[in-house]
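FYI, the numbering for the sequence shown is 100 to 529, going by the numbering used here.
Every residue gets a Cβ at the ideal spot worked out from N, C-alpha and C, and that includes glycine.
Structure first, commentary second.
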Amino acid sequence: MSLPLSRSVSGASAFYLIIFGQLVSLLGSGLTSFGLSVWVFRESGSTLAYSIVLVAILLPVALGSFFAGPLVDRWDRRWILLLTDSTSSLMTLVLALLYSTDQLQIGHVYLALFVSGIALSFQIPAQQAIVPLLVQKEKLDRAAGLSQLPGTVSEIVAPLLAGALLVSVGLGRIFFIDFATFLIGILTIFLVDIPSPQRDTSLVEEPKFIEEFTAGFRYLWVHRPFLYLTGYITLMVFTLGAYYALYPPLILSLASDSVLGIVNALVGVGSLIGAILLGIWKFKKRVRAILLAGILMSLGGMFAGMQPTLFLIVPGLVLAFGTVPFLIGLNRALYQLKAPPALLGRIFAFRLAVGTGAQTIGALLAGFIAENVFKPVSVDTLAVGQGIAFTLLLFGWLFLITTLIAFTIAPLRQLEQRLPDFQEDYRQAP
Numbered sequence: 100m101s102l103p104l105s106r107s108v109s110g111a112s113a114f115y116l117i118i119f120g121q122l123v124s125l126l127g128s129g130l131t132s133f134g135l136s137v138w139v140f141r142e143s144g145s146t147l148a149y150s151i152v153l154v155a156i157l158l159p160v161a162l163g164s165f166f167a168g169p170l171v172d173r174w175d176r177r178w179i180l181l182l183t184d185s186t187s188s189l190m191t192l193v194l195a196l197l198y199s200t201d202q203l204q205i206g207h208v209y210l211a212l213f214v215s216g217i218a219l220s221f222q223i224p225a226q227q228a229i230v231p232l233l234v235q236k237e238k239l240d241r242a243a244g245l246s247q248l249p250g251t252v253s254e255i256v257a258p259l260l261a262g263a264l265l266v267s268v269g270l271g272r273i274f275f276i277d278f279a280t281f282l283i284g285i286l287t288i289f290l291v292d293i294p295s296p297q298r299d300t301s302l303v304e305e306p307k308f309i310e311e312f313t314a315g316f317r318y319l320w321v322h323r324p325f326l327y328l329t330g331y332i333t334l335m336v337f338t339l340g341a342y343y344a345l346y347p348p349l350i351l352s353l354a355s356d357s358v359l360g361i362v363n364a365l366v367g368v369g370s371l372i373g374a375i376l377l378g379i380w381k382f383k384k385r386v387r388a389i390l391l392a393g394i395l396m397s398l399g400g401m402f403a404g405m406q407p408t409l410f411l412i413v414p415g416l417v418l419a420f421g422t423v424p425f426l427i428g429l430n431r432a433l434y435q436l437k438a439p440p441a442l443l444g445r446i447f448a449f450r451l452a453v454g455t456g457a458q459t460i461g462a463l464l465a466g467f468i469a470e471n472v473f474k475p476v477s478v479d480t481l482a483v484g485q486g487i488a489f490t491l492l493l494f495g496w497l498f499l500i501t502t503l504i505a506f507t508i509a510p511l512r513q514l515e516q517r518l519p520d521f522q523e524d525y526r527q528a529p
């Protein structure tokens, strides 16, 4: 089905307009995310409770992605972006109303985030699948960098702004600001034209849903280098889930909410620099760049976990998260360059399901280890911080070992040579 609305923005201009809408929308979401994270940790005082907030976002993304892939490739992707943004904005409005009437509880936060996560499981593969339909092949690396700019800018601006707004207007007003930014993001989708890739008309009948459901995995299984790449990126996001679950409670155990906002902004600066470099540099060996970025990400986590002091934590986090745009962006560009556009929704949905499942486990496991295995002998802030920091160090070490092993896998290192560019072959076909 298609959306019968008049729109005039197409091609690269449509891509840039979507990026602008994401930038505005994610700024609002960043305000809410920071405010909720502080609220949940202050209400519970538990690292594990904070980790469950991440699980409430990631688990539905993993579950929903199993169904999203075939539907993203069947449905009008513009419709998907509109409906998912609308669902997320509604959940923000519900939280705002509950908070303003003094009825908000942690359980409400988990439920609203779960529903938004389901919407996100459709939105992410749809966004990633439309890029090669709007952007020329030789500009996909730059598009990968630009696609991450809204998130990284939000990471810089939102924490600083949220820290000030929490004091001046409170969490309730932040919810309503977030709702307004969602409306701007939805408006930009109304204005763009997103083409739909042609489905295979040679088939006598439509493939069964279960066949489309497994299409993403079957593509990876046949194209084995991609399977190894997916495995490595899955372990990367497992580690990233641990990092996300550990560092905010670590900062809050040592300093105030405003300091966490400043640290979040500095982490965002690192991600922004990484995204800008990704958009500027030309990469001839993307897989090697991914693995080198993995080494830096692991070293950053290890440095941040050496001691519970801001002088080590901040530069370590900036380094670790500054490499993430390379890991995610170059990985995404490889699929957009070499996989069939009509199959990208299912491929990205499968990868999203596996990746968010791993990130969920990483967040839960990190929270559990910090609170139980490395349980502080006392409740003073230094002891709590030491337990969290040691857990961060442990995950950094594990990912470093993982990356070194990945360097020894020849099909992964040679992925770009073994798999031809799909778009190039397609354009040469008669």
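Query: Please classify Val108: does DSSP put it in a helix, a strand, or coil?; Result: strand
Query: Judging by CA-CA distance, which residue of Ser357, Val362 and Thr200 is the nearest neighbour of Ile255?; Result: Val362
Query: Judging by CA-CA distance, which residue of Phe410, Gln227, Leu265 and Phe133 is the nearest neighbour of Leu442?; Result: Gln227
Query: I'd like to check one pair, Gly444 with Val171: are the Cβ atoms closer than 8 Å?; Result: yes
Query: How many whole angstroms separate the CB atoms of Ile273 and Ala261, which I take to be in contact at a CB cut-off of 8 Å?; Result: 7 Å
Query: Please determine, among Gly271, Leu499 and Phe325, the residue with the shortest C-alpha to C-alpha distance to Gln514.; Result: Checking the displayed sequence, the identity of residue 514 turns out to be Leu instead of Gln. Nearest of Gly271, Leu499 and Phe325 to Leu514, Cα basis: Phe325.
Query: Count the other CB atoms within 10 Å of the CB of Val152; is the residue buried (16 or more) or exposed (fewer)?; Result: buried
Query: From Ser246 to His207, what distance separates their C-alpha atoms?; Result: 31 Å
Query: What are the boundary residues of the alpha helix (DSSP H) that includes His322?; Result: That residue, His322, is in no alpha helix (DSSP H); it is neither H nor E in DSSP.
Query: Between the stretch 364-381 and the stretch 482-501, can you find at least three pairs of beta-carbon atoms closer than 8 Å?; Result: no
Query: Going by alpha carbons, who is nearest to His322 out of Phe494, Phe402, Pro439 and Pro249?; Result: Pro439
Query: Going by DSSP in three states, Val417 sits in which element: helix, strand or coil?; Result: helix
Query: Under the rule that 16 or more other beta-carbon atoms within 10 Å means buried, what is Ser101, buried or exposed?; Result: The pLDDT assigned to Ser101 is 46, lower than 50, so where the model puts this residue is not dependable; a value taken from the coordinates is nonetheless given after this. It counts as exposed.
Query: Within the chosen definition, does the stretch 420-436 reach the stretch 124-136 through at least 3 CB pairs nearer than 8 Å?; Result: no
Query: Secondary structure at Val234, three-state DSSP: helix, strand or coil?; Result: coil
Query: DSSP has Val291 in a bridge; who is on the other side?; Result: Val108
Query: With a 10 Å radius around its C-beta and 16 neighbouring C-beta atoms as the bar for buried, classify Ser267 as buried or exposed.; Result: exposed
Query: Does Thr131 come out as helix, strand or coil in the three-state DSSP assignment?; Result: helix
Query: If you measure between the beta carbons of Ala505 and Tyr331, is that distance less than 8 Å?; Result: yes
Query: Could you compute how far the alpha carbon of Phe165 sits from the alpha carbon of Gly378?; Result: 31 Å
Query: How many angstroms separate the CA atom of Glu213 from the CA atom of Ile460?; Result: The question names Glu, yet the displayed sequence has Phe at residue 213. Each residue's alpha carbon lies about 16 Å from the other.
Query: Mapping the DSSP letters down to three states, classify Gly269 as helix, strand or coil.; Result: coil
Query: What residue range is occupied by the uninterrupted alpha helix (DSSP H) comprising Gly393?; Result: Arg385 to Ala403
Query: Taking only runs that begin and end inside the stretch 487-524, name each unbroken alpha helix (DSSP H) of 4 or more residues, in chain order.; Result: 509-512 and 514-517
Query: Quick check on Phe337: does DSSP put it in helix, strand or coil?; Result: helix
Query: Out of curiosity, what's the CA-to-CA distance linking Ser187 and Ser215?; Result: 5 Å
Query: Measure the alpha-carbon distance for Arg512 versus Ile217 and round it to whole angstroms.; Result: 34 Å
Query: According to DSSP, is Asp175 helix, strand or coil?; Result: coil
Query: Looking only at C-alpha atoms, which of Ser132, Leu391 and Val234 sits nearest to Pro294?; Result: Val234
Query: Shortest alpha-carbon distance to Ser352 belongs to which of Glu470, Phe281 and Gln202?; Result: Glu470
Query: What do you get for Asp356, buried or exposed, if any count of 16 or more other CB atoms within 10 angstroms of its CB means buried?; Result: buried
Query: Using 10 angstroms around the beta-carbon of Val386, count the other beta-carbons present and answer buried if the total reaches 16, otherwise exposed.; Result: buried
Query: Excluding the 5 residues preceding and the 5 following Leu395 in the sequence, name in chain order all residues of the same chain whose CB lies nearer than 7 Å to its CB.; Result: Leu418 and Thr422
Query: Among Thr280, Asp292, Leu416 and Leu265, which has the Cα closest to the Cα of Arg176?; Result: Asp292
Query: Kindly indicate which residue of Leu248, Phe337 and Phe410 has the alpha-carbon position closest to the one of Leu499.; Result: Phe337
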